[in-house]
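For the sequence shown, the working numbering assigns the number 75 to the initial residue and increments by one for each residue that follows. Just so it is clear, CB atoms sit at the ideal spot from N, CA and C, and this is done for glycine as well. It should be emphasised that the depicted structure is a prediction, and the values quoted were computed from it without experimental measurement. Take a look at the structure set out below.
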Amino acid sequence: MALAALAVALSGAGGCGNNAVPDGTAAGTSPHVFRIAVIPKGTSHDFWASVHAGAEKAAAEFDDVEITWKGPLTEGDTAKQIETVEGFIADGYDGICLAPCDAVALRRPVDQAIQNGVPVVIFDSGLKDMDGIVSYVATNNERGGRVAGEYLAELLGGSGNVVLMRYDLNSESTDLREKGFLGALEPFEGITLISADKYAGPTESDAIELGENLLANFGGDVNGIFCPNQSTASGMLTVLRRDQRGLAGKVKFVGFDSGENIVSGLEKGDLNATVLQDPVTMGYQAVEAMRQHLLGDAVPARVETQEVLATGGNLDDPTVHKLLYPEAAE
75 MALAALAVAL SGAGGCGNNA VPDGTAAGTS PHVFRIAVIP KGTSHDFWAS
125 VHAGAEKAAA EFDDVEITWK GPLTEGDTAK QIETVEGFIA DGYDGICLAP
175 CDAVALRRPV DQAIQNGVPV VIFDSGLKDM DGIVSYVATN NERGGRVAGE
225 YLAELLGGSG NVVLMRYDLN SESTDLREKG FLGALEPFEG ITLISADKYA
275 GPTESDAIEL GENLLANFGG DVNGIFCPNQ STASGMLTVL RRDQRGLAGK
325 VKFVGFDSGE NIVSGLEKGD LNATVLQDPV TMGYQAVEAM RQHLLGDAVP
375 ARVETQEVLA TGGNLDDPTV HKLLYPEAAE
């Protein structure tokens, strides 16, 4: 993927350069190879494989950077992620790039890192308290959720019963997507939220279980569905396809992220749209921000990567195609 072709918005130009460049070394150059840990929420989703590809691309481009990729097998294993952060601190890594499983629980190990002189870049999903963070690299998740809500409302003609399948507690990224989605529906008096308080949990199996329960309770009355990440969208799509009432393709359905099942849903019309992120650029930008900080350069406090709405009608658009099939999946 050509990074120059990707729209990346930068905001918050505050410099974060507490790590001094060693004597005799000019800012922008490095006397040694920086060891940077990159810790995703999980390692099993397609999304994280693409983030990994972006981080590796940065490491290949910068000869003064070496990354170590390590995280929980599944999203939601907060204890494992905390253990991983603590391990990299103990091993004396120069910096940590982290996508927190839990916006509250990961604050303590992040504080521990900072207190030990290990700077932290947060990517994908924020902490409730972002004090002391070098930079935050992520999609504008609330805006992405709003895009999803506006499109679903358009599909429904401003009227119908809607289900929001939430992802997981204390997941800042999906919390914001859900907030944006709900905000987009507020002007439509004809739209009724018949379920908006159920959390699936971190795995696709969890989403399938909740999806089956939701359709058992509301199936015949559901006109529209929104799922805020890959596991919830893919899980709900599986449930709709299994349903004997022919709900797949009948219920208007908008998801978030990509993946083999999601792409299949768009192609077959079982999924009307999904909001795509740019995980390759996200991984690249997270490592790049950490490197800049370690070199003593100013780093933007906030780096926004793009979000794009993919529908069955624009799958051949070059930008959509690149985000549907990121490098790690090719």
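With distances taken between CB atoms, is the gap from residue i to residue j smaller than 8 Å?
| i | j | result |
| --- | --- | --- |
| ILE156 | PRO183 | yes |
| GLY309 | ALA281 | yes |
| PHE262 | CYS301 | no |
| VAL221 | LEU267 | no |
| LEU250 | ASN303 | no |
| ASP205 | CYS175 | no |
| LEU311 | ASP352 | no |
| ALA177 | LYS202 | yes |
| LEU340 | VAL325 | no |
| ALA258 | GLU224 | yes |
| SER247 | ALA212 | yes |
| LYS131 | TYR358 | yes |
| GLY44 | THR355 | This structure cannot speak to residue 44, because the chain is shown only from 75 to 404. |
| ILE188 | VAL195 | no |
Determine which residues share a DSSP beta bridge with residue i and list them.
| i | result |
| --- | --- |
| ARG365 | DSSP lists no partner for ARG365. |
| GLY264 | SER233 |
| TRP122 | In the DSSP output, where bridge partners are listed per residue, TRP122 has none listed. |
| ARG315 | Bridge partners of ARG315: none, in fact. |
| ARG182 | BP columns for ARG182 are empty, so no partner. |
| ALA111 | THR142, ILE170 |
| SER269 | VAL237 |
| ALA347 | VAL328, THR385 |
| GLY339 | Looking at the DSSP assignment, GLY339 forms no beta bridge with any residue, so it has no partner. |
| VAL296 | Paired residue(s): none; VAL296 is not in a bridge. |
| ILE196 | LEU172, TYR210 |
Please report the distance separating the alpha-carbon of residue i from that of residue j.
| i | j | result |
| --- | --- | --- |
| ALA60 | ILE170 | No answer is possible for residue 60: the residues shown for the chain start at 75 and end at 404. |
| ILE110 | VAL139 | 7 Å |
| THR385 | ALA164 | 46 Å |
| ASP391 | ASN346 | 16 Å |
| ILE207 | VAL192 | 11 Å |
| LEU226 | LEU172 | 32 Å |
| VAL328 | GLU378 | 22 Å |
| HIS367 | MET239 | 38 Å |
| GLY387 | ALA274 | 29 Å |
| SER124 | LEU243 | 24 Å |
| SER233 | GLU260 | 12 Å |
| LEU389 | ASN190 | 47 Å |
| VAL296 | LEU321 | 9 Å |
| GLY285 | GLY294 | 14 Å |
| ALA179 | ALA133 | 29 Å |
| GLU283 | ILE299 | 16 Å |
| THR348 | ASN287 | 23 Å |
| THR117 | HIS126 | 9 Å |
| GLN380 | GLY166 | 33 Å |
| ASP317 | VAL159 | 42 Å |
| LYS342 | GLY200 | 34 Å |
| ARG181 | SER338 | 38 Å |
| PRO276 | GLY323 | 25 Å |
| ASP137 | LYS272 | 46 Å |
Quick check on this structure: which residue in the options has the alpha carbon closest to the alpha carbon of residue i?
| i | options | result |
| --- | --- | --- |
| LEU383 | VAL373, LYS396, ASP371, ALA372 | LYS396 |
| PRO146 | PHE162, ASP168, GLY128, ILE113 | ILE113 |
| SER245 | PHE121, THR117, ASP198 | ASP198 |
| ALA372 | THR148, ILE188, TRP143, SER209 | SER209 |
| GLY264 | GLN380, ILE188, GLY231, LYS342 | GLY231 |
| LYS115 | PHE136, SER305, LEU369 | SER305 |
| GLY161 | ASP137, GLN186, GLN318, GLY323 | GLN186 |
| GLU278 | THR158, GLN318, THR148 | THR148 |
| TRP122 | TRP143, PHE136, GLN380 | TRP143 |
| LEU369 | ASP168, VAL349, LEU180, ILE299 | ASP168 |
| ASN120 | LEU350, GLN380, LEU180 | Looking at the sequence itself, residue 120 is Asp, so the reference to Asn does not match. Closest by alpha carbon: LEU350. |
| GLU135 | ARG319, GLN380, VAL107, TYR241 | VAL107 |
| ARG319 | GLY200, PHE292, TYR241, ALA307 | PHE292 |
| TYR241 | ALA307, GLY200, ARG181 | ALA307 |
Given 7 Å as the limit, tell me if residue i has its C-beta closer than that to any heavy atom belonging to the ligand ADP.
| i | result |
| --- | --- |
| ALA111 | This structure lacks the ligand ADP, and indeed carries no ligand of any kind. |
**Message:** Whether or not the stretch 249-257 and the stretch 214-229 are in contact is what I'm after, with contact meaning three or more pairs of Cβ atoms, one per stretch, closer than 8 Å; do they touch?
**Reply:** yes
**Item:** Cβ pair count under 8 Å reaching 3, the stretch 359-379 against the stretch 331-344
**Value:** no
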